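J.: FYI, the numbering for the sequence shown is 33 to 310, going by my numbering.
Quick reminder that beta carbons are idealized off the backbone N, C-alpha and C, glycines included.
Computed from a prediction, not measured in an experiment: that's the story for all the values here.
Take this structure first; my questions come after.
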Amino acid sequence: MSLDRIRHTPAQVRLTGVQETLLAPLYVRALDNRAPQPVLGDTHAEELMRHLDYDFRKMNFAGRDRRTVPFRAKQLDEWTAAFLRAHPDAVVLHLACGLDSRAQRIDVPDTALWFDVDLPAVMDLRRQLFQESTGYRMLAASVVEADWLAQVPGDRPALVVAEGLAPYLAEADGLAMLRNITDRLQGGEILFDAVLPWTRHIARYARLVRQTGASFGWAVDNPRDLEQAVPGLQALDEWSMCDSPYADRLPPRDRLVLGAMRSVRPLRYAYRLLRYRF
Ligand SMILES: C[S@@+](CC[C@H](N)C(=O)[O-])C[C@H]1O[C@@H](n2cnc3c(N)ncnc32)[C@H](O)[C@@H]1O
Numbered sequence: 033m034s035l036d037r038i039r040h041t042p043a044q045v046r047l048t049g050v051q052e053t054l055l056a057p058l059y060v061r062a063l064d065n066r067a068p069q070p071v072l073g074d075t076h077a078e079e080l081m082r083h084l085d086y087d088f089r090k091m092n093f094a095g096r097d098r099r100t101v102p103f104r105a106k107q108l109d110e111w112t113a114a115f116l117r118a119h120p121d122a123v124v125l126h127l128a129c130g131l132d133s134r135a136q137r138i139d140v141p142d143t144a145l146w147f148d149v150d151l152p153a154v155m156d157l158r159r160q161l162f163q164e165s166t167g168y169r170m171l172a173a174s175v176v177e178a179d180w181l182a183q184v185p186g187d188r189p190a191l192v193v194a195e196g197l198a199p200y201l202a203e204a205d206g207l208a209m210l211r212n213i214t215d216r217l218q219g220g221e222i223l224f225d226a227v228l229p230w231t232r233h234i235a236r237y238a239r240l241v242r243q244t245g246a247s248f249g250w251a252v253d254n255p256r257d258l259e260q261a262v263p264g265l266q267a268l269d270e271w272s273m274c275d276s277p278y279a280d281r282l283p284p285r286d287r288l289v290l291g292a293m294r295s296v297r298p299l300r301y302a303y304r305l306l307r308y309r310f
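See the structure below:
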C-alpha cells in the first residue's frame, strides 16, 4: 500500500465543491506532522502536497483545525486498527477517502482487503499519486449509489470508515448509503463523524463551506435515531474530540476551552464520531 506512484511533475487539481474540501484535512495532517509532538504523524500528507499543483494558501484558515482534526483521524485509525487485529480477513471500505493515507498509516494485514472510495474526479487525482496492490483497491463511485457495492465481497467482516463525509450528504442519501451497506455486507462496524443539528445550521458560515461552494445537509441528533432508520444498526459509541487522550498536547488555553466545552452537551458533541455495529 505504497505511494509508489508519486509523480515528478505536480498533478493538476481541478476540484470544486465538496471535492475541493479534501484539501483542508490534507493540509491539516501536514501541519500536524510538522508539530514537535504530532498526533497523527502522517508523513505522506506533506509529500502529497508537494506533488499537487494547488495554492494551499487558500487553506491557510484551516490551520486552526490542526489542534482538533488530527484527534478525530487518530481515533478512527485506532478503531480501524483494532477491528483489523480482531478480523485480519476483514474488508475495509474507506469512504470519501480524498487524499487520505489511512491505509498507509495503519498496519493492514496481508489477508485484509482495503477499498478507498471517492467520487470519480477525486479518484482520477488519487490514481496519479497512489498505487493499487493485491490488498488495496481504489473505486470511483458515489457512495450514495448502491451499484459499486457489487465489487466488494459481502462475505467478510466489514469495517466502514468515513471521515468528513456525512455532514456533506443529504439526509435521505446518508440513510440510503447505510441501508445499502447493511443489506449487502455480512456485518461489522461503521465509523463516521456526524454533526448535531445546530452545527449544521451554522455551517453555512464556515469558511471551508463558503470557499468551496459545498453545503452541509445531514445532522444526527441522538445516535439511536439511526437504529430506527436503518434496520440492523446498533449504536456502540459517541466519541467527542474533547475526550481525546491527545488533548493534553494542546496549549493550556485550548485545554481550558475544551474543558469548558466538555460540560455542555451541544458543544461537547458538536463535532463527534459515531460508531455502530451491524
Ligand atoms: C472533507 S473531504 C474528506 C476527505 C478525507 N476523508 C480526509 O479526511 O482527508 C470530503 C470528501 O467527501 C467526498 N465525497 C463527498 N460526497 C461523496 C459521495 N457521494 N461519494 C463519495 N465521496 C464523496 C469528497 O469528494 C471529498 O473527498
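1) Just to confirm the assignment, what range does the beta strand (DSSP E) spanning H230 have?
2) Less than 8 angstroms between the C-beta atoms of Q218 and A190, yes or no?
3) For R285 and T100, what's the separation of their Cα atoms in angstroms?
4) Can you check DSSP and say which residues form a bridge with W146?
5) How big is the Cα-Cα spacing for P120 and Y237?
6) Check the DSSP bridge columns for I222 and list the partner residues they point to.
7) Do E195 and ligand 2 come close, with the Cβ less than 7 angstroms from some heavy atom?
8) Would you say P57 touches ligand 1, meaning its beta carbon is less than 7 angstroms from a heavy atom?
9) Looking only at its own chain, which residues have a Cβ that is under 7 angstroms from the Cβ of C274, when we skip the five neighbours before and after it?
10) Is the beta carbon of S32 within less than 7 angstroms of some heavy atom of ligand 1?
11) Go to R107, then tell me how far its alpha helix (DSSP H) extends in each direction, as first and last residue.
12) Compute the distance between the beta-carbons of Y308 and Q266, then report whether it is under 8 angstroms.
13) Looking at the strands, I want to know which residues DSSP matches up with D139.
14) Report the residue from P185, F88, T112 whose alpha carbon sits nearest the alpha carbon of I138.
15) So what's D269 in DSSP terms, helix, strand or just coil?
16) List the whole-angstrom C-beta distance separating F224 from A194, where the pair is believed to meet the contact cut-off of C-beta under 8 angstroms.
17) On the DSSP bridge assignment, give the partners of Q44 in chain order.
18) Just the C-alpha distance for R281 and Q69, rounded to the nearest angstrom, thanks.
19) Indicate the three-state DSSP secondary structure (helix, strand or coil) for Y303 in the structure shown.
20) Using 8 angstroms as the threshold, is the C-beta distance between Q51 and A153 below it?
21) Taking D179 as the reference, which of A208, Q160, R188 has the closest Cα?
22) Taking the straight line between their C-alpha atoms, what separation do you get for A128 and L201?
23) Evaluate contact between the region 54-62 and the region 71-84, counting only Cβ atoms and requiring at least three cross-stretch pairs below 8 angstroms.
24) I want to check one thing, is the minimum distance from the CB of L54 to the heavy atoms of ligand 1 below 7 angstroms?
25) Quick check on DSSP: helix, strand or coil for A178?
26) Is it true that the CB of L210 sits closer than 8 angstroms to the CB of V149?
27) Mapping the DSSP letters down to three states, classify A261 as helix, strand or coil.
28) Can you give me the C-alpha to C-alpha distance between P298 and S165, rounded to a whole angstrom?
29) Compute the beta-carbon to beta-carbon distance between Q136 and H76, rounded to the nearest angstrom, for a pair I have assumed lies under 8 angstroms.
T.: Taking the structure as given:
1) For this step, residue 230 is matched to residue 198 along the sequence shown. A quick correction: the sequence has Trp, not His, at residue 230. Element bounds for W230: not the beta strand (DSSP E) but the alpha helix (DSSP H), 229-234.
2) As a working mapping, residue 218 is identified with position 186 in the sequence shown. As a working mapping, residue 190 is identified with position 158 in the sequence shown. Cβ atoms of Q218 and A190: closer than 8 angstroms.
3) Indexing the sequence shown from 1 puts residue 285 at position 253. Indexing the sequence shown from 1 puts residue 100 at position 68. Each residue's Cα considered, the two are about 14 angstroms apart.
4) Walking along the sequence shown from the start, residue 146 turns up at place 114. V124, Y168, per the DSSP bridge assignment.
5) Within the sequence shown, residue 120 is the residue found at index 88, counting from 1. Within the sequence shown, residue 237 is the residue found at index 205, counting from 1. Rounded to whole angstroms, the separation of the alpha carbons of Y237 and P120 is 43 angstroms.
6) The sequence position of residue 222 within the sequence shown is 190, counting from 1. Bridge pairing for I222: V192, Y308 [DSSP].
7) Within the structure as shown, ligand 2 is missing, the only ligands being ligand 1.
8) Indexing the sequence shown from 1 puts residue 57 at position 25. Checking every heavy atom of ligand 1 against the Cβ of P57, one is found closer than 7 angstroms.
9) Looking up residue 274 in the sequence shown gives position 242. Residues of the same chain with a CB within less than 7 angstroms of the CB of C274, apart from the 5 flanking positions on each side, are L290, M293, R294, R300 in chain order.
10) With the chain covering only 33 through 310, there is no way to say anything about residue 32.
11) Position 75 of the sequence shown, counted from the first residue, corresponds to residue 107. The residue you asked about is not Arg; residue 107 is Gln in the sequence shown. First-last of the alpha helix (DSSP H) with Q107: 101-118.
12) Counting from 1 along the sequence shown, the entry for residue 308 is found at position 276. Counting from 1 along the sequence shown, the entry for residue 266 is found at position 234. A contact, by the Cβ cut-off of 8 angstroms.
13) Numbered from 1 along the sequence shown, position 107 holds the residue referred to as residue 139. For D139, which the question treats as bridged, DSSP gives no partner whatsoever.
14) In the sequence shown, counting from the first residue as 1, residue 138 sits at position 106. Cα-wise, what sits closest to I138 is T112.
15) Within the sequence shown, the letter at position 237 stands for residue 269. Here D269 sits in strand by DSSP.
16) The residue labelled residue 224 in the question sits at position 192 within the sequence shown. The residue labelled residue 194 in the question sits at position 162 within the sequence shown. At roughly 4 angstroms, the Cβ-Cβ gap stays under 8 angstroms, so F224 and A194 are in contact.
17) Walking along the sequence shown from the start, residue 44 turns up at place 12. According to DSSP, Q44 bridges with D85.
18) In the sequence shown, counting from the first residue as 1, residue 281 sits at position 249. In the sequence shown, counting from the first residue as 1, residue 69 sits at position 37. Cα-Cα distance, rounded: 8 angstroms.
19) In the sequence shown, the residue the question calls residue 303 occupies position 271. Note: Y303 maps to strand in three-state DSSP.
20) Here residue 51 refers to the residue found at position 19 of the sequence shown. Here residue 153 refers to the residue found at position 121 of the sequence shown. A contact, by the Cβ cut-off of 8 angstroms.
21) The residue labelled residue 179 in the question sits at position 147 within the sequence shown. Of the residues A208, Q160, R188, the one whose Cα lies closest to the Cα of D179 is A208.
22) Translated into the one-based positions of the sequence shown, residue 128 becomes position 96. Translated into the one-based positions of the sequence shown, residue 201 becomes position 169. About 11 angstroms.
23) Yes: at least three Cβ pairs fall under 8 angstroms.
24) Here residue 54 refers to the residue found at position 22 of the sequence shown. Within the cutoff, so yes.
25) As a first step, residue 178 must be located in the sequence shown, where it is residue number 146. In the structure shown, the three-state DSSP call for A178 is coil.
26) On the sequence shown, residue 149 is found 117 positions in, with the first residue counted as 1. On the sequence shown, residue 210 is found 178 positions in, with the first residue counted as 1. Contact flag unset, no.
27) If you number the sequence shown from 1, residue 261 lands on position 229. Note: A261 maps to helix in three-state DSSP.
28) What you label residue 298 is simply residue 266 of the sequence shown in a count that begins at 1. What you label residue 165 is simply residue 133 of the sequence shown in a count that begins at 1. Linking P298 to S165 through their CA atoms gives a straight-line distance of about 43 angstroms.
29) Counted from its first residue, the sequence shown places residue 136 at position 104. Counted from its first residue, the sequence shown places residue 76 at position 44. The beta-carbon separation of Q136 and H76, rounded to 6 angstroms, stays under the 8 angstroms limit for a contact.
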